[in-house]
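Presented below is the structure to which this report refers.
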Amino acid sequence: MKKQSIASALVAAIAVCGAGAAHAQAAGNVLVQLGWNKIMPKVKSDDLTAPSLPGSQIDIKSASALFATVTYMITEDISVEALGGLPYKHTIVGAGAVSGVGKIGSIHQISPTLLLQYRFLAADGPFRPYVGAGPTFAKFYGTKGSAALTAVTNPGGPATTIGGDTEWGGTIQLGGNYKIDKHWFLDASVLKTWISTKATLSTGQSTSAKLDPVSINGSIGYTF
Amino acid sequence: MKKFHVLTTAVAAAAFLAGCGGSDAGDQSPRVAFTQMVNFGDSLSDVGSYDVGVVKLQGGGHFSINGAGATGLLYINWTEFLAATLKLTQPCAAETGLNTIQAAVGVPPVPATFHDTGAAPCLNYAQGGSRVTLQPGPGNAALFNPADPTTASNALGALTIPVHDQMQNYLDHNAGAFSPTALVTVLAGANDVFIQTATVSAEVAAGLPQDQAVAGAVAAMTTAADELANDVNTMILAKGAAHVVVVNVPDASLTPQAIQSGPAGQALTKLLLQTFNNELATKLQAGPSLLLVDAFTASEDQATNMAQYGLTDVKTPVCTTSSSLLCTHNTLIPAVAPAASGAVASAANTYEYADGVHPTPYGYRLLSELVGEAMAIKGWL
């Protein structure tokens, strides 16, 4: 039980559940997955608030990171999935009137999501497509500015920094898993999240941006 | 159970990382590692050509609110804000002096002196009153007439070295070439407009038909623009400069001085400015080494969308001196004067103009932001 000593309470619970023998996806099963997720924000930014050069907007580039999920089967068709992972580091670039300035900063985010899922087809079949929906919590932090950002917001003054933010949003999911054997399976899903963030500069201006990212991921899973 | 261990470690790491990290300034170095800045132009880029003699005694020298930090901002002129942004040493005047008319002002002239050689050369050649090619410019002693009180300000004797001569002086004193890592800025033409509007008034008063007088002024502005473009092309771009910022003339028809001249005066000023700026844009040799910044359009936007720029007043000069060359925190209108002696006049940071034509330090800061934005888009910053 040495392994369990480092596990979180949630993961420990999985291990307890995992003590039972598993066959097809059935009520009470716990599925854990580890994979790679790419988040592609579809940004619509407001103009930076005054005082600022007019039409200054931001765009946020895609980022990828290791992710993991834990899924609990309530019935053989209905499940709850917790999705989380390592932080994503996104590059922030200029848009609108400052389109073309290139990188003006960077930001980290984590966005754990809880999904209520429904699985189709036979519980003991090799392939089970599923849909899901649920809330997303996002924390934006670890921001970095740039010479260009300072040049247009506080020339000659202290370097401009970007403030973080926390937000709630909603996610829908479309995915499927393919059973390799009675424990192991492959999984892929696409998620669409509706979420906004507000970046506030140390010079006082802020910009609100709809991120509304699409995420795609692939992972390997184990059924306990 | 090895996979399980990896998973738990990842989850734990994610939870841990989520709690760390703050706001960081990031990399503040411009994309081009500039080594020096060279400036040519007029009062809008002047950082102290006349900061000698009587002007120095009165604490003046910049065409704005003088005194480091007088308004709480760290710099006064846009070339100073830009130098700080680019991590360069602060610009200083390449040539100083005043041809003061002692009989009128009561102080002796100060001989013109160059400071543009040696270990730490001063390479800002811009001088208040400078025109593109011709002398005299506004403020020059040649325009002083003891019998005409409206010419009194010219007794100070500004050198008004034309921009063409400024460039020649640089080349003569610096081995005839620019460094590829130098940022070269050029902003000139407003003084040619001022001279031409005055010329039109004088000609019309002398009986010349208005349209003929205006046609002459338009032709003169076209010539000035052709000459400035040619100078930039042949004396800067052709001499090794790889980063040349040419700023066109802001819309001087919106200045307090132009507004005072009435709608007809404003219209003439605007016509001459547009003639100059359009011709300049046409004749400059476009390419990767040239960046033309449209300060004309930006200045109009500042006047119409004040709040966007943090401005509350674009018509009232905050200095009580007739020229901001002598303006300090002690000579400000009551609305922006510091509350107590030694306090900063931060209220001036929502006003565009220091005097009839020159910006406040905040107005200059807006210009440096505009240039910074254009340089970032160009990939230089």
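Heads up: the sequence lines are chains L and B, in that order. Going by this note's numbering, the first sequence opens with residue 20, and the numbers climb by one from there. Going by this note's numbering, the second sequence opens with residue 15, and the numbers climb by one from there. Backbone N, C-alpha and C define an ideal beta-carbon position, used for all residues, glycine too.
- [ ] Could you tell me the boundaries of the beta strand (DSSP E) in which B:K392 lies?
- [x] Run containing B:K392: none in the beta strand (DSSP E); it sits in the alpha helix (DSSP H), 375 to 392.
Task: Candidates L:W55, L:S225, L:P154, L:T216, of which the one nearest L:T180 by Cα - done: L:S225
Open item on the list: Measuring CB atoms only, is the stretch 216 to 233 of chain L touching the stretch 40 to 50 of chain B, in the sense that at least three cross pairs come out at less than 8 Å?
Closed with: Of all C-beta pairs linking the stretch 216 to 233 of chain L to the stretch 40 to 50 of chain B, fewer than three are shorter than 8 Å, placing the two stretches out of contact.
Open item on the list: Output needed for B:S360: all residues of its chain with C-beta closer than 7 Å, excluding positions within five of it in sequence on either side, in chain order.
Closed with: T85, G86
Open item on the list: Let's test the definition: count the other Cβ atoms within 10 Å of the Cβ of B:G221 and tell me whether it reaches 16, buried, or not, exposed.
Closed with: By the 10 Å Cβ count, B:G221 comes out exposed.
TODO: Below 8 Å between beta carbons is the criterion; list the residues of the stretch 39 to 59 of chain B that meet it against any residue of chain L, in chain order.
DONE: A39, G40, D41, Q42, S43, P44, R45
Task: Which listed residue (B:N244, B:I90, B:Q104) has its alpha carbon closest to that of B:V146 - done: B:N244
Open item on the list: Could you check whether the Cβ of L:A41 sits closer than 8 Å to any Cβ belonging to chain B?
Closed with: Because L:A41 carries a pLDDT of 39, less than 50, the predicted location of this residue cannot be relied on, and the following value inherits that uncertainty. Output row for L:A41: interface = no.
Task: Reduced DSSP secondary structure (H/G/I, E/B, other) of B:Y139 - done: In the structure shown, B:Y139 adopts coil according to DSSP, grouped into three states.
Task: Cβ-Cβ separation, L:L210 to L:T185 (assumed contact under 8 Å), whole Å - done: Not confirmed; about 19 Å, so no contact.
Task: Contact set for B:M181: own chain, Cβ-Cβ below 7 Å, skip 5 residues either direction - done: F54, D245, M249, I250
- [ ] Step through the CB atoms of chain D and report whether any lies within less than 8 Å of the CB of L:I199.
- [x] In the structure shown, chain D does not exist; the protein chains are L and B.
Open item on the list: Are the CB atoms of L:A69 and L:I123 within a distance shorter than 8 Å?
Closed with: In terms of Cβ geometry, L:I123 and L:A69 do not form a close pair [threshold 8 Å].
Open item on the list: Contact defined as beta carbons within less than 8 Å: I believe B:T195 pairs with B:A47. What is the distance between those atoms, to the nearest angstrom?
Closed with: 6 Å
Task: Neighbour-count burial assignment, B:Y376, 16 or more Cβ in a 10 Å radius - done: buried
TODO: May I have the straight-line CA-CA distance separating B:A169 from B:F310, to the nearest angstrom?
DONE: 31 Å
Task: Nearest-angstrom Cα separation, counted from L:L193 out to L:I93 - done: 19 Å
TODO: Leaving aside the five residues before and after B:S303 along the sequence, list all residues of the same chain whose C-beta is less than 7 Å from its C-beta, in chain order.
DONE: L251, A255, A256, H257, V258
Open item on the list: Which same chain residues end up closer than 7 Å to B:Q210 when comparing Cβ atoms and leaving out the 5 residues on each side of it in sequence?
Closed with: A231, A234, M235, L286
Task: Other residues of its chain near L:K217: CB distance less than 6 Å, five sequence neighbours each side excluded - done: For L:K217, where only same-chain residues beyond five positions count, the Cβ hits under 6 Å are D184, S225, S227.
Task: Test item: CB-CB of B:N113 and B:L71 under 8 Å - done: no
Task: Contact with chain L by B:A368, beta-carbon distance below 8 Å - done: no
Open item on the list: For a quick check, are the C-beta atoms of B:F77 and B:S338 less than 8 Å apart?
Closed with: yes
Task: Reduced DSSP secondary structure (H/G/I, E/B, other) of L:K108 - done: Here L:K108 sits in strand by DSSP.
Open item on the list: I'd like the span of the beta strand (DSSP E) that includes B:T299, first residue to last.
Closed with: Residue 299 of chain B is actually Gln in this sequence, not Thr. From DSSP, B:Q299 is part of no beta strand (DSSP E); its letter is neither H nor E.
Task: Reference L:A45; option with closest CA among L:W55, L:D143, L:A101, L:V120 - done: Ranking L:W55, L:D143, L:A101, L:V120 by Cα distance to L:A45 puts L:D143 first.
TODO: Using a Cβ-Cβ cut-off of less than 8 Å, give me the residues of the stretch 133 to 166 of chain L that come near chain B, in sequence order.
DONE: Residues of the stretch 133 to 166 of chain L that bring their beta carbon within less than 8 Å of a beta carbon in chain B comprise K158, Y160, G161, T162, K163, G164, S165, A166, in sequence order.
Open item on the list: Quick check: L:P174 and B:G386, are their CB atoms within less than 8 Å of each other?
Closed with: Contact check for L:P174 against B:G386 passes: the beta carbons are separated by less than 8 Å.
- [ ] Measure the Cβ-Cβ separation of B:A426 and B:V263 and say whether it is below 8 Å.
- [x] The first residue shown for chain B is 15 and the last is 395, placing residue 426 of chain B beyond what the model contains.
Task: C-beta contact flag for B:A98 and B:M51 at 8 Å - done: no
Open item on the list: Between L:L72, L:G151, L:N56, L:N196, which has its C-alpha nearest L:S98's C-alpha?
Closed with: L:G151
Open item on the list: For the alpha helix (DSSP H) containing B:Y367, name the first residue and the last one.
Closed with: Element bounds for B:Y367: n/a, residue is neither H nor E.
Task: B:E109 (DSSP reduced to helix, strand or coil) - done: strand
Open item on the list: Looking at the ligand ZN, does it come within less than 7 Å of B:V200, judged from the CB to the closest heavy atom?
Closed with: Summarising the ligand content, the structure contains no ligands, and the ligand ZN is consequently not present.
Open item on the list: Could you check whether the Cβ of B:T365 sits closer than 8 Å to any Cβ belonging to chain L?
Closed with: Before going further, note that residue 365 of chain B is Tyr rather than Thr in the sequence given. Not an interface residue.
Open item on the list: Buried or exposed, going by whether 16 or more other CB atoms sit within 10 Å of the CB of B:W92?
Closed with: buried
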